[in-house]
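In what follows, a single structure is set out as structure tokens and then discussed.
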Amino acid sequence: MLVHISIGISRCLLGDEVRYDGKNKYSSICCEQLASYYKLVPVCPEVEAGLTIPRPAIELIQDTNDLFIKGRDDKSLDVTHRLTTFSGHKVSTLAYLSGYVLTPRSPSCGVHSVTVKSPLGDILKHGENGVFTQELIQQFPSLPIIEEPDLTDKSTLDEFEILVMMYHIIQRDYLTKCIKDSHANVRKFILKINELTTTHKQMEQVTTLLEGESFQRLHRLKVELRDCVSSLTLM
304 MLVHISIGIS RCLLGDEVRY DGKNKYSSIC CEQLASYYKL VPVCPEVEAG
354 LTIPRPAIEL IQDTNDLFIK GRDDKSLDVT HRLTTFSGHK VSTLAYLSGY
404 VLTPRSPSCG VHSVTVKSPL GDILKHGENG VFTQELIQQF PSLPIIEEPD
454 LTDKSTLDEF EILVMMYHII QRDYLTKCIK DSHANVRKFI LKINELTTTH
504 KQMEQVTTLL EGESFQRLHR LKVELRDCVS SLTLM
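At position 189 of the sequence shown (counting the first as 1) the number is 492 in the working numbering, and the numbers step up by one without a gap.
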């Protein structure tokens with residue numbers, strides 16, 4: 304287990320019954336695969352912001368230029384201040400994370416999958432971010448984030464893990480050590496990003512290098528990166 308690499312995760316994906324309907328969205332990929340190699344850090348923004356279990360369903364409402372978080376069925380329910388305040392504070396404490404797995408279509412945790420409506424209920428936008436996710440992106444724009452269903456594709460899972468490990472290596476200034484002590488394949492990969500000057504540019508280059516790679520090459524790189532990162536625990 305790469306215990307020094309932490310990945311944030313929507314709490315319902317771990318089987319905790321914290322959703323608005325009192326149910327969970329247990330993910331075997333997260334609980335049985337990712338949890339074997341990484342420390343999963345659960346967060347349910349709605350519950351931690353003080354909302355109950357169960358609770359009224361909420362949705363994103365845009366009124367002119369302002370975005371609100373209101374009850375889906377009870378339009379008088381407005382949790383905008385509560386959720387936005389919590390999200391800003393909570394995310395500011397998560398700089399140690401190296402990735403995040405989120406729940407689709409959630410008004411707090413969705414990634415490019417949330418619907419925004421007008422006050423009258425008309426659909427204004429598709430494919431927006433939840434309020435907590437948007438805060439993650441604003442505070443940590445290079446942090447690898449993904450919705451849980453995307454991990455069912457093996458290549459996407461490998462790519463996400465590579466991004467997580469590379470983010471960890473870059474953030475903790477381990478690039479030079481990894482060049483020196485890693486497999487030739489990893490060394491060659493890291494050399495292509497080592498000269499870039501910012502985390503954002505380095506992570507953009509990592510993403511570019513992974514595009515179009517075969518599953519076999521992605522998987523080999525992931526396994527070799529695991530070896531590299533595991534050796535860092537012995538420093």
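Each residue gets a CB set at the ideal place from its N, CA and C atoms; glycine is no exception.
Everything numeric in this text was worked out from a predicted model, so none of it was measured.
Checklist entry - What's the gap between the Cα of H503 and the Cα of S445? => result As a working note, residue 503 is residue 200 in the sequence shown. As a working note, residue 445 is residue 142 in the sequence shown. Cα to Cα, the separation comes out at about 6 angstroms.
Checklist entry - Which partner residues does Q508 have in the DSSP bridge list? => result Sequence index remark: in the sequence shown, residue 508 carries index 205 (1-based). BP columns for Q508 are empty, so no partner.
Checklist entry - If we count the other Cβ atoms within 10 Å of its Cβ and call it buried at 16 or more, is Q519 buried or exposed? => result Position 216 of the sequence shown, counting from 1, holds the residue named residue 519. Answer is exposed; the Cβ neighbour count stays below 16.
Next on the checklist: Need the endpoints of the alpha helix (DSSP H) that E462 sits in, please.
Outcome noted: Here residue 462 refers to the residue found at position 159 when the sequence shown is read from its first residue. Its alpha helix (DSSP H) spans residues K457 to Q474.
Checklist entry - Does the distance from the C-beta atom of L499 to that of Q505 stay below 8 angstroms? => result Residue mapping note: residue 499 aligns to position 196 of the sequence shown, counting from 1. Residue mapping note: residue 505 aligns to position 202 of the sequence shown, counting from 1. Yes, these two residues count as a Cβ contact at 8 angstroms.
Checklist entry - What three-state label does DSSP hand F371 in the structure shown? => result For the purposes of this step, residue 371 is taken as residue 68 along the sequence shown, with counting starting at 1. Strand at F371.
Item to check | Pick from L535, H307, S309 and C334 that is closest to C315, judged by C-alpha positions | outcome: Counting from 1 along the sequence shown, the entry for residue 315 is found at position 12. The shortest Cα separation from C315 among L535, H307, S309 and C334 belongs to C334.
Next on the checklist: The alpha helix (DSSP H) that contains H392, what's its start and end?
Outcome noted: Mapped onto the sequence shown, residue 392 falls at position 89. T383 to V394 is the extent of the alpha helix (DSSP H) around H392.
Checklist entry - With respect to the beta strand (DSSP E) encompassing P345, which residues constitute its N-terminal and C-terminal limits? => result As a working mapping, residue 345 is identified with position 42 in the sequence shown. Start and end: Y341 to V346.
Item to check | N- and C-terminal bounds of the beta strand (DSSP E) containing E516 | outcome: Position 213 of the sequence shown, counted from the start, is the residue given in the question as residue 516. Segment: none, E516 is in no beta strand (DSSP E) and carries neither H nor E.
Checklist entry - Taking all protein chains shown into account, do 16 or more other C-beta atoms lie within 10 angstroms of the C-beta of G325, making it buried, or fewer, making it exposed? => result Looking up residue 325 in the sequence shown gives position 22. It counts as exposed.
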